[in-house]
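K.L.:
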Amino acid sequence: MDTVVEVRVAIHHHHLMTPSKDGRMGNCCGIKFESITDGYSCTQCKFYAHKICSNPPEEINHPSHRCKSSLSLRYNNERFKVRCGLCGGKIEIYIKHYNCRTCDLKIHLGCAKYHPPATIHVPQSHDHELKLELMERCFTCASCGKEGDEYPYKCHECELSFHLFKGEPPKYTDGKCRLCGDNLVDDEVFYHCSTCNFSLDLHCVHYPPPLHLHDLNIHDHELILKPKQISFTCTTCGLIGDRSPYFCLQCDFVAHNDCSGFPWVININRHNHRVSRTSLLGVVDAVCGVCRKKMEWTCGGYSCERCRDNVFHTKCATREDVWDGLEMKDEPEEDEDIEPFEVIDENTIQHFSHREHNLRLNKSGIFIEEKSCKACTYPIYHHSFFNCMSCNFFLHESCAKLPRRKRHVLSNKPYILSTKQANYSQCEACGVFYNGFMYHCEKNRLDVRCASVPEPFVHQSHPEHPLFYMSPLDGGVCSACNEESSHVLRCVEDNCGFILDFKCALLPYAFKHRVDDHFLSLCYGENARSGKYWCDICEKETDPKTWFYTCKDCGVTLHINCVLGDFRGLEPKRRFITKRETKTTPYEAVRNNSMSRPLCSRCKSRCIFPTILKTDFYVDSDIYCCSITCSTII
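Okay, so the sequence shown: first residue is 563 according to our numbering, each after it adds one.
#1: Just curious, the beta strand (DSSP E) that L1175 is in, first and last residue?
#2: Do you know offhand how far D1184's Cα is from E1045's?
#3: Just to confirm, is the Cβ distance from A1067 to F1081 under 8 Å?
#4: Quick one: measure Cβ to Cβ for N997 and E1133, integer angstroms, because I've assumed they're closer than 8 Å.
#5: Reducing DSSP to helix, strand and coil, say where A1011 ends up.
#6: Any heavy atom of the ligand GDP closer than 7 Å to the CB of A674?
#7: Measuring CB atoms only, is the segment 792–802 touching the segment 818–828, in the sense that at least three cross pairs come out at less than 8 Å?
#8: Should the segment 894–905 be regarded as contacting the segment 1046–1055, the criterion being three or more beta carbon pairs within less than 8 Å?
#9: Using the three-state DSSP reduction, which class does N623 fall into: helix, strand or coil?
#10: Rounded to the nearest angstrom, how far is the Cβ of F1129 from that of F995, given a contact under 8 Å?
#11: Can you tell me which residues form a DSSP beta bridge with I1185?
#12: What does a CB cutoff of less than 7 Å around L1231 pick up in its chain, not counting 5 residues either side in sequence?
#13: Once you ignore the five residues that flank S1163 on each side, which residues in its own chain have a CB closer than 8 Å to its CB?
#14: Among C604, W885, R1011, which residue has its Cα nearest to the Cα of M1000?
#15: Give the DSSP-derived three-state secondary structure of I780 in the structure shown.
#16: What separation, rounded to the nearest whole angstrom, lies between the Cα atoms of S1083 and W1096?
#17: Have a look at S1023, G1127, H958 and flag the residue whose alpha-carbon is nearest the alpha-carbon of C943.
#18: What three-state label does DSSP hand L764 in the structure shown?
#19: Out of N924, N920, C961, G927, which one is the CA nearest neighbour of T939?
#20: Is it right to say K555 is buried, meaning 16 or more other beta carbons lie within 10 angstroms of its own, or is it exposed?
#21: Can you give me the C-alpha to C-alpha distance between G585 and F914, rounded to a whole angstrom?
#22: Note down, in chain order, each residue of its chain lying with its Cβ closer than 6 Å to the Cβ of E596, except the 5 sequence neighbours on either side.
#23: CB-CB under 6 Å to P1034, same chain, minus the five flanking residues each way: which ones, in chain order?
#24: Please list, in chain order, all residues of the same chain as Q812 whose beta carbon is under 7 Å from its beta carbon, the five residues on each side excluded.
#25: When we look at the beta-carbon of W885 and count the other beta-carbons within 10 Å, is it buried (16 or more) or exposed?
#26: Kindly list the residues whose CB is nearer than 8 Å to the CB of E664, restricted to its own chain and excluding five residues on each side of it in sequence; keep chain order.
#27: Do L778 and I786 count as a contact pair if the criterion is CB distance below 8 Å?
#28: Residues in the same chain with beta-carbon distance under 7 Å from K1065, minus the five sequence neighbours each way, listed in chain order, please.
#29: DSSP three-state call for I786: helix, strand or coil?
#30: To which residues of the same chain is F956 closer than 8 Å at the C-beta, ignoring the five residues directly before and after it?
#31: For P825 and K891, I'd like the C-alpha separation in whole angstroms.
#32: Quick one: is A534 buried, meaning 16 or more other Cβ sit within 10 Å of its Cβ, or exposed?
#33: Check whether the Cβ atoms of Y1198 and F724 lie closer than 8 Å to each other.
#34: Count the other CB atoms, across all protein chains shown, that sit within 10 Å of the CB of I593; report buried if there are 16 or more and exposed otherwise.
#35: Let me know the secondary structure DSSP gives D1128 once reduced to three states.
#36: Cβ of C1201 within 8 Å of Cβ of L694?
Listed below in C-alpha cells is the structure:
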C-alpha cells in the first residue's frame, strides 16, 4: 500500500495525504485537469490534489502580462470573491494561485500554464487583430454590450474591447460541452463553432482526449474518438452515453472517452467482499448493486468472485460515497471477521461483550417485563434471546450475532462494533440518541439497528417491492412521517415513489405501553375512516394519513412519538453526562412507570413518554426531563 506522505506545505492542506490515482477531479488549482492523473488524496476528507500542482514554480513570467513584475505564487487568504484574470472563475480560499504584486493580477495555476492565446483574429466579430489585455479591467464588450470585470481581448486600433468567449450558450445547443458533457456555465469561458454546433469548455480545450487511444487495460485494439452527439452503451462501464465515445473499427467496442484508469480490485460499501473489475460480466438479467438499474451482460463492470450475482456498474462502484479510493490489487486480503461469540454447546455461548459469564439461548417466546437488550436497548418481548446465567444481562439472538466489523451504505469505510459506551451517541442514520452497542467509522456513529438494515430491505407496509438506499443526494420526504431526510430507503420501481427514512423504517411493528393492556400495533395510515383521530396519551389530534400506533382490541390511536418518546434508544438505569457550553449535567435514563407521572422541570407538564431523564444535580429532590427539547442533551 502507498505510504502516507506529508504534502501539506506544497498543497496547503491541513491533513496528511496519500499518493493516489483514482480518477477524481482535483480541487487544488481552480480548474479541472484530466480525469485520470497522479495526485494525492486526503486520508481524512475528500480533498484531492494533482501531483503537478504540488510543487509549482515560485515565480513565472506570463506572455500576456505586460507589467514588468513577475507573477509570484501565493495562497488565497481572502474570504470575499477573488477571480482569475484569465478565465474569470473563482479562486477558492486557501488555494494557490499566481499574483502580480504591482498590478494585482491573479491567475489560476492551470490558467497560468494553459493560458488563452495572447493574440487572436476573429473576422466575424472584428476586422483587426485582438490582443489579450491584462492591464485593463471593467470594460464594455463591443460585441454583446455587456459589462465585464475580467481581462478582455482588445483592438488597439479601434480602442474596442471584447469578452469573445464568454456568455450564455446559444439557444440551439444543449448547453453542454461536446466532449465531457459538463454544463457550460453562464459567464465562464467556453469555445463554440456555430457552423458545426460544437461547444467545448475550458477544461476540454486544455485537456482534450487523444484522437487515437491504445490502452490494453481498456481494449486490445486501437480506439478512435468520435466527437459527436450519439447514443451508445459503454462497453467498459455498462452505462448509457450521449456524446463523443471511443469506438473500435475492428469490433463493436464503444466507450465513454473518460472510462479509463479504473482500479482492478476495490472495497465498496455495498458488499462485504472485495469486488474485481472485469471486461465481461456474463451475468444475464443482472442489476447494479448501487443504482439498482439493469446491467448489460456483454459489458464490463465489477463483480464479486465469491458471490457471482453481485455485480456493479464501473462508475457506480467507484463513486466517492461508495468506494474508499484505495486500489487493493496487490494488497493481501483482510483478515477474516472474528466471530462475535464462542459456542460452548448447542444453547450456550460466550459473547465477546460479556466474557465473564456464559449466555444461554431462550426460545420460549415469553414476554419479559421491563427487560431490554444490552445491544439495541429495545425491550425483550417475544423474541429469541440470550440471557446471562449469572447476572442481569440480555441480548436478542439477532443482536448477539452482529458482526464485529461490517460495511454500511452511509460510509465508504468499514464500521467496527463497540460494546462499551461511557456516555451516549446520536445515530447518523436515524438521528435517535442511544447508549447501547454502536458501530463507529472515524467520526461516524450508527446504532446497531440502523447498521443492520439489509439491502434489499422489505417492510410490512410495502411488501410488494423491496427498498434500497441510493445516496445522500437522493434524499426525500418519508412516506410515513412526511418529513424530509437525507438518508432514506426508497422503492426503485417506476412510478411508485415510496420512501422511508431510517427512523420510520425501524419502528417496532408491535410495542407494549402502559396506556393499554394489549400490545400496540403499527398502523400505516388510513384514508377510509371519517372523523377526527385523538391520541389517548397526549389527548391531541392525530393525522390518520401518517403512521400511528393502535390497539386492535380497544381501538385507541396513539402518536408514534407519544408511544416511543425521544429517548427510546437509551437503556434505563444508565447514567451519562451532557456538556453544553460550560454547563455539565449528569442524567440517568429511567422508566416512566410510577403510579403518578413526574412533572417535567422544563415544560411543566406530566411526562408521558415511556423513558425519561432524571437528574439530582441541582437540588435534593429529583428533576425530570421528558423530551430532547426539555433537556440539555443537544
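The beta carbon of each residue, even a glycine, is placed where N, CA and C say it ideally should be.
P.N.:
Quick answer:
#1: As a first step, residue 1175 is located in the sequence shown; it is residue number 613 there, counting from the start. 1173–1177 is the span of the beta strand (DSSP E), which, as asked, contains L1175.
#2: Counting from 1 along the sequence shown, the entry for residue 1184 is found at position 622. Counting from 1 along the sequence shown, the entry for residue 1045 is found at position 483. Those two C-alpha atoms are separated by around 35 Å.
#3: As a first step, residue 1067 is located in the sequence shown; it is residue number 505 there, counting from the start. As a first step, residue 1081 is located in the sequence shown; it is residue number 519 there, counting from the start. No.
#4: Reading the sequence shown from its first residue, position 435 is the one you call residue 997. Reading the sequence shown from its first residue, position 571 is the one you call residue 1133. That pair is a contact at about 6 Å.
#5: Within the sequence shown, numbered from 1, the residue matching residue 1011 stands at position 449. Correcting the residue type first, residue 1011 is Arg in the shown sequence and not Ala. If DSSP states are grouped into helix, strand and coil, R1011 belongs with the helices.
#6: Inclusion of the ligand GDP in the displayed structure is not the case, the ligand content being empty and no account of it being possible.
#7: yes
#8: no
#9: Locating residue 623 in the sequence shown gives position 61, counting from the first residue. Of the three classes helix, strand and coil, the one that applies to N623 here is coil, per DSSP.
#10: The sequence position of residue 1129 within the sequence shown is 567, counting from 1. The sequence position of residue 995 within the sequence shown is 433, counting from 1. Contact between F1129 and F995 is confirmed by a C-beta separation of about 7 Å, below the 8 Å threshold.
#11: Within the sequence shown, the letter at position 623 stands for residue 1185. T1177, per the DSSP bridge assignment.
#12: Only positions 563 to 1196 of the chain appear in this structure, which leaves residue 1231 out of reach.
#13: On the sequence shown, position 601 is the one that residue 1163 refers to. I1185, Y1186, C1187, C1192.
#14: Reading the sequence shown from its first residue, position 438 is the one you call residue 1000. The candidate whose alpha carbon is nearest that of M1000 is R1011.
#15: Against the sequence shown, residue 780 aligns to sequence position 218. Correct three-state label for I780: coil.
#16: Indexing the sequence shown from 1 puts residue 1083 at position 521. Indexing the sequence shown from 1 puts residue 1096 at position 534. Whole-angstrom Cα-Cα distance: 16 Å.
#17: Against the sequence shown, residue 943 aligns to sequence position 381. Just to set this straight, residue 943 is Tyr in the shown sequence, not Cys. From the listed residues S1023, G1127, H958, the smallest Cα separation to Y943 is found for H958.
#18: Against the sequence shown, residue 764 aligns to sequence position 202. Reduced to three states, the DSSP call for L764 is helix.
#19: Locating residue 939 in the sequence shown gives position 377, where the first residue counts as 1. Of the listed residues, the one whose Cα sits closest to T939 is C961.
#20: Here the chain has residues from 563 to 1196 only, and residue 555 is not among them.
#21: Reading the sequence shown from its first residue, position 23 is the one you call residue 585. Reading the sequence shown from its first residue, position 352 is the one you call residue 914. Confidence at G585 is low in this model, with a pLDDT of 49, below 50, so the placement of that residue should be treated as unreliable; the coordinate-derived value is given next. G585 and F914: Cα-Cα distance of roughly 41 Å.
#22: Along the sequence shown, one-based indexing puts residue 596 at 34. At E596 the pLDDT is 46, less than 50, meaning the model places this residue with poor confidence; the figure from the coordinates comes in the next sentence. Cβ neighbours of E596 beyond the five flanking positions: Y769.
#23: For the purposes of this step, residue 1034 is taken as residue 472 along the sequence shown, with counting starting at 1. The answer, listed in chain order, is S1048.
#24: Residue 812 sits at position 250 when you count from the first residue of the sequence shown. Within the same chain, Q812 has close Cβ partners H783.
#25: As a first step, residue 885 must be located in the sequence shown, where it is residue number 323. So W885 ends up on the buried side.
#26: Stepping through the sequence shown from its first residue, residue 664 is reached at position 102. Just to set this straight, residue 664 is Thr in the shown sequence, not Glu. If we look at T664 and ignore the five residues flanking it on each side, its Cβ neighbours are C629, K630, S631.
#27: For the purposes of this step, residue 786 is taken as the residue at position 224 of the sequence shown. For the purposes of this step, residue 778 is taken as the residue at position 216 of the sequence shown. Cβ atoms of I786 and L778: not closer than 8 Å.
#28: Within the sequence shown, residue 1065 is the residue found at index 503, counting from 1. Result list for K1065: C992, G993, V994, in chain order.
#29: For the purposes of this step, residue 786 is taken as the residue at position 224 of the sequence shown. It is a strand residue.
#30: In the sequence shown, residue 956 corresponds to position 394, counting from 1. By the criterion of a C-beta distance shorter than 8 Å, F956 is surrounded in its chain by I930, K933, S934, C935, K936, I942, F947, F948, N949, C950, once the five residues flanking it on both sides are discounted.
#31: Translated into the one-based positions of the sequence shown, residue 825 becomes position 263. Translated into the one-based positions of the sequence shown, residue 891 becomes position 329. For P825 and K891, the distance between alpha carbons rounds to 8 Å.
#32: Any property of residue 534 remains undetermined from this structure, which presents the chain solely from 563 to 1196.
#33: Residue 1198 lies beyond the range of the chain shown here (563 to 1196); nothing can be said about it.
#34: One-based indexing of the sequence shown puts residue 593 at position 31. Confidence at I593 is low in this model, with a pLDDT of 49, below 50, so its placement is unreliable and no value can be given for it.
#35: Taking the first residue of the sequence shown as 1, we reach residue 1128 at position 566. In the structure shown, D1128 sits in coil (DSSP, three-state: anything other than H, G, I, E or B).
#36: Beyond the ends of the chain as shown, which are 563 and 1196, falls residue 1201; an answer cannot be given.
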